[in-house]
Every structure is written in structure tokens, then in C-alpha cells.
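In UniProt numbering, the protein residues as written are 1 to 222.
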């Protein structure tokens with residue numbers, strides 16, 4: 001596609017979308033990439049849940065996981081497109097002439113971008129529990145796909161955390177101090193800490209099952 005604004009997760013092929021991501025425009029950028037990674041994690045969660053045969057006691061739980069994963073897949077892709085839009089607006093404000101109006105535009109764009117990243121992060125954090133359940137109760141033959149899903153989920157969380165943090169720090173460009181940013185936007189500030197904790201949780205989950213997905217080492221030992 002010739003016009004980067006036409007590139008969306010809904011209308012573009014994977015080739016077109018990644019070609020757009022490769023351009024020096026930032027729309028889509030890393031935040032949108034995090035949204036797509038979340039969509040991949042959700043899709044793999046659905047796949048593993050679909051392969052899993054649950055006993056009657058776990059059937060309802062498995063059905064709920066499938067429903068949540070499909071909803072998340074769709075939401076994640078919409079959030080990726082929202083981030084691309086926010087990124088485009090974010091970049092545009094820095095082209096404005098110096099002055100109070102530019103400072104205010106930077107503040108609004110930075111907050112909007114941080115909110116988009118925090119929302120994506122919230123969705124990603126909520127997905128950890130279902131994937132952890134599948135790590136314990138899912139079909140053993142697809143445990144490698146669970147590990148890949150955790151990898152995609154980690155990328156989504158890390159991307160959301162980094163972008164939210166960067167967006168908040170950008171408020172310094174409009175004259176705010178970090179102390180003022182913390183005081184004025186506590187929820188967004190705290191979301192960064194929540195996402196940091198989530199990364200640690202994902203790493204622990206992955207480490208606990210990696211030996212099942214990759215039981216041999218490169219040197220041939222077990």
C-alpha cells in the first residue's frame with residue numbers, strides 16, 4: 001500500500017502490514033507491534049485450548065478460556081490500530097511551532113499515547129492466568145506452543161510498559177517534572193510498575209515449563 005494511513009490490521013495482509021512497520025514513519029510502530037504480538041499470544045492460547053480435551057470438571061473453564069482468547073485477539077488488533085493512530089498524532093505535534101499551544105498539544109498527545117499503551121498492557125496482564133492454566137492442564141503435545149505464546153505475551157507486555165513509560169517521560173518536553181507527572185497521572189505511572197511485575201511473572205511461568213518444551217540442550221545432554 002502506498003499510503004501508510006491505509007495500513008491497518010483489519011484491512012492489510014501480513015506482508016503489507018509488516019512492510020508498513022518497516023517504514024520510517026512510526027505509524028505503525030513499536031506500540032502497534034506490541035498489539036499484534038498480543039494478538040498472536042491470544043491466537044496461540046485459542047489453538048492450545050482447542051487441542052485440549054477437558055474432563056467434565058474443567059470443561060467450563062476451557063470454554064471460558066476460548067471465549068476470552070478470541071475476544072482478546074480481536075481487541076488486541078484494534079488496539080494495535082489505535083496505537084498507530086496515536087503514534088501518528090504524537091509525531092505531528094513535534095512539528096508545531098514552539099510555544100504554549102505546542103506544549104499543550106504535546107501533553108495531550110503523550111497522555112493519549114500512554115493511555116493506549118496502558119490499556120494494551122491491562123489486556124495482556126489479564127491473559128497471563130489463562131495461559132498459565134493451559135501450561136498446567138493443556139494438551140502436552142502442544143506445550144511448545146504455550147512457550148511461544150508466553151514469548152509473544154512477554155513482548156506485548158514489555159512493549160506496553162516501555163511505550164507508556166516513554167510517553168509519560170515525554171511530558172518533560174512540555175515543562176513538567178517527573179514528580180509532577182507522577183502526581184498528575186498516578187494510574188498511568190503505576191501501570192508501568194504493574195507491567196514490570198507482569199514480565200517477571202511471565203518469565204517465571206516460562207522457566208517452569210521450558211524443560212517440557214525443550215527437553216534437550218544444544219550439546220545433546222538432557
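Yeah, the Cβ is synthetic: ideal placement off N, Cα and C, and Gly gets one too. Bear in mind the structure is a predicted one, so any value in this text is a computation, not a measurement.
I need the boundaries of the alpha helix (DSSP H) containing residue i, first residue and last residue.
i	result
residue 24	Run containing residue 24: none; DSSP gives neither H nor E here.
residue 165	143 to 170
residue 38	30 to 51
residue 92	56 to 93
residue 178	178 to 184
In three-state terms, what does DSSP make of residue i?
i	result
residue 16	helix
residue 115	helix
residue 199	helix
residue 7	coil
residue 121	helix
residue 216	coil
residue 210	helix
residue 103	helix
residue 127	helix
Ignore the nearest five residues each way along the sequence and tell me which others in residue i's own chain have a CB closer than 6 Å to its CB.
i	result
residue 212	143
residue 167	110, 113, 114
residue 170	110
Within the same chain, show all residues whose beta-carbon is closer than 8 Å to that of residue i, passing over the 5 residues directly before and after it, in chain order.
i	result
residue 205	128, 131, 132, 135, 150
residue 77	9, 10, 35, 36, 39
Beta carbon of residue i: closer than 7 Å to some heavy atom of the ligand NAD?
i	result
residue 55	By its list of ligands, the structure shown contains no ligand whatsoever, and the ligand NAD lies outside what it can speak to.
Touch check for the region 148 to 165 and the region 28 to 41: three-plus C-beta pairs under 8 Å? Yes, they touch.
Are the region 50 to 63 and the region 87 to 100 in contact at 8 Å, needing three or more beta carbon pairs? At 8 Å Cβ cutoff, the stretches do not touch.
Would you call the region 187 to 200 and the region 78 to 93 in contact, with 3 or more CB pairs under 8 Å? These segments do not touch.
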